[in-house]
């Protein structure tokens, strides 16, 4: 069984975060799972602590809702922004995006999630290992997440 010391999950949906956490805790030993609910809190925690694995939602608010206000911007490409900031800060934590959307963004800014995944695998090849499609109505996402994590070799 694969064992990780520290995993950061950045996910603003409490139900989705709980389901992901349940899968992680049941499947992997010795997990210290920390959950952040926004871009800002996730990046702050990531830069303050050491992690072996990052599980990242694609779309999330800029700030935690409990400290945010009506001007708290929802970021459709928050996961991408997060990866770029990690690259700029030279943070190379193994990263997986977990999204429930087949298409990311709105209107003219829509992009197919599979195309994004392909681009991220090339652009962030030092730390990004892939995308998992989350769907609470089927169990396939659980298997995909477990398999993706098991593919990762943590030093």
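Residue numbers (my numbering): 2 to 156.
Here a beta-carbon is modelled for each residue, glycine too, at the ideal position from N, C-alpha and C.
Quick check: residue i and residue j, are their CB atoms within less than 8 Å of each other?
i, j, result
"residue 7", "residue 57", "no"
"residue 78", "residue 101", "no"
"residue 14", "residue 62", "no"
"residue 80", "residue 59", "yes"
"residue 130", "residue 149", "yes"
"residue 32", "residue 95", "no"
"residue 128", "residue 87", "yes"
"residue 92", "residue 146", "no"
What distance in whole Å lies between the Cβ atoms of residue j and residue i, which are believed to be in contact at a cut-off of 8 Å?
i, j, result
"residue 125", "residue 84", "5 Å"
"residue 97", "residue 133", "6 Å"
"residue 9", "residue 35", "5 Å"
"residue 40", "residue 76", "6 Å"
Going by DSSP, which residues form a beta bridge with residue i?
i, result
"residue 113", "104"
"residue 34", "8"
"residue 48", "Answer by DSSP bridge pairing: none, since residue 48 is not bridged."
"residue 134", "100"
"residue 75", "62"
"residue 129", "96"
"residue 57", "11, 98"
Exercise for the section: May I ask you to verify whether the segment 40-48 touches the segment 14-27, counting CB pairs closer than 8 Å and requiring at least 3? Expected result: no
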